[in-house]
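Okay, so the sequence shown: first residue is 149 according to my numbering, each after it adds one. See below for the structure under consideration.
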Amino acid sequence: MDLFDRSLSYGGQLLRGSTVRDRLESFFGRGSEHRELLEDADVRISVSGIRGKSSTAKQLGAILADRGYDTYTKITGDHPTSYHNGRKIPIQRRGPRVTLYENLNLVREFLPQLAITSHDDAVVMENQAITEYTMRMVNEQFLRPDLLLFCNVRQDHNDTLGKRRQTIARSFARSVPEGCHVISGEQHGVIHDYLESEITARGGTIEQVDVPERHRDLIGSETVYALNHVLGYLDEPPLPESELESMLDAIQPEWTELPGGRVFNAAKVNEIESTELFRRQLVGSGENAELVCPFVFLRRDRRGRTASFVQYVNILADRGLIDRVHVGGAYTGVFARRVDAPATEHDTDETAASDVLDRLLATEQPVMLMANTVHPFMRELADEIAYRERGGPAPLPDY
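This is how it looks when you write it as structure tokens:
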């Protein structure tokens with residue numbers, strides 16, 4: 149067999165042809181079929197932004213399914229998953245890296261199932277791209293959304309989206325297709341005005357999510373209140389205020405109490421602004437704030453994020469809010485040299501997650517995990533925390 153004579157597939161079906169070139173032409177020839185499948189869907193919603201995309205897409209898909217829409221939802225992140233009317237279908241990937249072309253297969257697999265019912269169809273997809281070009285490609289080629297739900301602008305993916313919030317906002321704005329309506333959860337007035345200027349110049353429209361004053365300091369308020377804006381766009385009745393408040397209460401941070409101390413996994417938010425909101429809600433702010441022990445986990449492919457957390461740790465140390473930092477993952481030595489607090493390095497390639505957790509709890513300060521969560525070690529650490537919180541293995545399901 150020739151070295152390059154490998155099977156190519158699309159939507160689970162083998163592309164036929166005698167040569168690799170034939171099969172590549174067959175693959176790219178499916179573009180018209182992909183567009184037709186998208187056009188058959190009554191509403192297509194892209195969920196973009198920095199923080200809260202997965203949870204917002206999942207929640208929105210569940211609400212639309214409850215309202216009678218035949219709904220397909222795709223979320224990415226640590227556990228990429230499809231949902232068809234609430235039924236969970238894990239997305240199988242051949243390797244650790246995300247490929248945008250998986251969207252072609254998923255559209256071809258699930259959208260024909262929506263078309264055979266008489267209900268209105270809804271497609272909700274998280275835009276997992278992290279560069280201006282690939283975000284635009286997802287929106288213009290893979291989904292073609294009628295509505296783009298934009299969660300927020302935070303300082304993350306600095307190495308691909310830009311080092312300042314305005315630059316990151318510009319990257320998102322330039323990914324909006326012409327004629328698309330944007331619902332934006334970004335609450336910073338200057339950033340919103342900038343988004344509005346960029347998006348309207350591209351032929352789009354934008355509205356800002358209205359968050360009640362009493363909830364503006366709560367984690368996730370902009371994405372929870374965005375749900376009613378989406379329902380309004382679809383001429384659906386809004387969720388009652390009591391339900392929105394219940395959603396907000398459910399996502400506010402709480403310490404996980406373990407036999408040896410307290411832990412909170414702030415690494416799931418990835419960026420410094422949300423991490424700081426978590427810290428303030430957990431231990432307070434100002435001189436009376438309780439000291440925390442940060443465990444910063446680094447990834448070699450997130451250098452911009454690493455730089456942000458160096459800056460953040462130094463701010464905390466300068467203000468007397470931490471007196472130490474623990475670090476694991478890639479390039480721990482560089483990080484330790486650049487921070488102003490005493491740094492303890494952990495070789496997470498050789499050390500078990502349970503041992504690292506023991507060392508963190510031994511500081512006798514509440515532990516905050518920070519920076520990155522999508523990594524095998526961090527999954528093991530989360531599992532170990534859950535194991536200790538339960539006091540043993542997870543119970544077997546009832547049969």
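Just so you know, even glycine gets a beta-carbon here, dropped at the ideal spot from N, CA and C.
Closest Cα partner of residue i within the set the options
i      : options                        : result
Val301 : Ser323, His336, Pro293, Arg322 : His336
Thr521 : Arg486, Ala500, Asn413         : Asn413
Glu391 : Trp403, Leu382, Pro401, Asn376 : Asn376
Gly452 : Phe426, Leu430, Ala519, Leu366 : Ala519
Leu382 : Ile211, Thr204, Lys201         : Ile211
Phe298 : Arg313, Arg292, Ala317, Leu291 : Ala317
Asn275 : Pro385, Glu438, Asp341, Ser203 : Ser203
Leu508 : Ile533, Ala455, Val487         : Ile533
Cys328 : Arg292, Gln314, His340         : Arg292
Val324 : Gln207, Arg486, Ser502, Val195 : Val195
Tyr535 : Ser456, Glu512, Val378, Ala501 : Ala501
Asp190 : Gln240, Gly409, Val271         : Val271
Asp503 : Glu528, Pro541, Ser319, Thr279 : Glu528
Leu517 : His494, Glu493, Val411, Gly539 : Val411
Phe457 : Glu393, Asp488, Gly539         : Asp488
Gly409 : Thr279, Ser394, Thr492, Leu505 : Leu505
Three-way DSSP call (helix, strand, coil) for residue i in this model
i      : result
Leu529 : helix
Ala317 : helix
Tyr535 : helix
Glu393 : helix
Thr308 : The predicted model places Thr308 with a pLDDT of 40, which falls under 50 and marks its position as unreliable, so this point remains unresolved.
Pro401 : coil
Leu446 : strand
Pro541 : coil
His363 : helix
Tyr220 : strand
Ser433 : coil
Arg215 : coil
Leu439 : coil
Gln335 : coil
Ala269 : The question names Ala, but residue 269 in the sequence shown is Asp. In this structure, Asp269 counts as strand in the three-state DSSP scheme.
Val522 : coil
Leu379 : helix
Arg171 : Summary for Arg171: the model assigns pLDDT 47, below 50, so the residue's position carries little reliability; its value from the coordinates is reported in the next sentence. Note: Arg171 maps to helix in three-state DSSP.
His227 : coil
His329 : strand
Glu370 : helix
Val420 : The question names Val, yet the displayed sequence has Ile at residue 420. Ile420: helix per DSSP, three-state reduction.
Ile198 : coil
Gln207 : helix
Ile193 : strand
Glu384 : coil
Ile114 : Only positions 149 to 547 of the chain appear in this structure, which leaves residue 114 out of reach.
Thr353 : strand
Arg410 : strand
Arg235 : strand
Contact under 8 Å by Cβ, residue i with residue j
i      : j      : result
Pro490 : Cys441 : no
Ile93  : Leu295 : Here the chain comprises residues numbered 149 to 547, so residue 93 is not present and cannot be evaluated.
Val444 : Val482 : no
Val330 : Ile347 : yes
Arg199 : Val359 : no
Leu430 : Pro401 : yes
Phe426 : Ile463 : no
Tyr217 : Asp269 : yes
His340 : Gln314 : no
Glu326 : Arg350 : yes
Arg485 : Thr511 : no
Gly234 : Ala205 : no
Asp415 : Met526 : It should be pointed out that residue 415 corresponds to Ala in this sequence rather than to Asp. Going by C-beta atoms, Ala415 is nearer than 8 Å to Met526.
Arg322 : Arg364 : no
CB-CB length for residue i against residue j, believed under 8 Å
i      : j      : result
Pro238 : Thr224 : The pair is not a contact, with the Cβ atoms about 12 Å apart (cut-off 8 Å).
Leu446 : Thr480 : 7 Å
Ile399 : Tyr460 : Rounded, the Cβ-Cβ distance is 22 Å, inconsistent with contact.
Thr404 : Glu537 : 6 Å
Met273 : Lys222 : 5 Å
Gly197 : Gly333 : 7 Å
Leu396 : Ser369 : 6 Å
Thr496 : Gly477 : 6 Å
Leu208 : Val378 : 6 Å
Arg215 : Glu389 : With a Cβ gap of about 18 Å, Arg215 and Glu389 do not count as contacting.
is_contact[residue i, chain C] using C-beta, thresh 8 Å
i      : result
Arg427 : Going by chain labels, chain C is absent from the structure shown, which holds only one protein chain.
Practice task
Would you list, in sequence order, the uninterrupted beta strand (DSSP E) runs of no fewer than 3 residues that lie entirely inside the stretch 457 to 513?
Solution key: Entirely contained in the stretch 457 to 513, the beta strand (DSSP E) runs reaching 3 residues are, in chain order, 473 to 477, 491 to 494.
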